[in-house]
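Chemist:
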């Protein structure tokens, strides 16, 4: 499985990885076969208008963001939510917790997830998402655009 920041770069990466496999089979006088399981994960497309509401609400709680050139949070994960974002307006915010340098999939990160500060972060995240849903519903032009997209 290959991962990349967008589908175009993923396709380029696949070609390079395939050439590596071809070279290895040539060097070892073997063969290989790739069996595709499931589906590919595409790049996430964040709805900028919903994201603005989310960011405003998150900043009320003192949350900050590293943003890309379009104003979306910089991608840091692969997710099948990205596939959903290609067909329906979406956001996929992350909530930072205190981890003392630990990262996902490490026991230390797991331990960080059961602390009072992590509980507070999850509570704030839920409130931020709820506030974003309300703001999105009250934003008439945005709500109209979203409903039109759903009814197509």
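In my numbering, the protein residues as written are 8 to 159.
Where is the CB? At the ideal position from N, CA and C, for every residue including glycine.
1. Give the secondary structure of residue 51 by DSSP, where H, G and I count as helix, E and B as strand, and everything else as coil.
2. Nearest-angstrom Cα distance between residue 105 and residue 29?
3. Specify the secondary structure class of residue 112 as computed by DSSP and reduced to three states.
4. Report yes if the CB atom of residue 103 is closer than 8 Å to the CB atom of residue 137, and no otherwise.
5. Spatial neighbours of residue 9 within its chain, please: C-beta separation below 8 Å, excluding the five flanking residues on both sides.
6. Taking the alpha-carbon positions, what's the residue 43 to residue 147 distance?
7. Note down the Cα distance separating residue 135 from residue 62, rounded to an integer number of angstroms.
8. Report whether the distance from the Cβ of residue 88 to the nearest heavy atom of the ligand GDP is below 7 Å.
9. Suppose only complete runs of 4+ residues qualify. What are the alpha helix (DSSP H) ranges in the stretch 99-145, listed by chain order?
10. Measure the Cβ-Cβ separation of residue 150 and residue 143 and say whether it is below 8 Å.
11. Count the other C-beta atoms from every protein chain shown that fall within 10 angstroms of the C-beta of residue 126, then say buried if there are 16 or more, exposed otherwise.
12. DSSP on residue 18, reduced to helix/strand/coil?
Modeler: Taking the definition as stated:
1. coil
2. 44 Å
3. coil
4. no
5. 17, 20, 21 and 24
6. 43 Å
7. 9 Å
8. Absent from the structure shown: the ligand GDP. Ligands present: none.
9. 114-119 and 123-145
10. yes
11. exposed
12. helix
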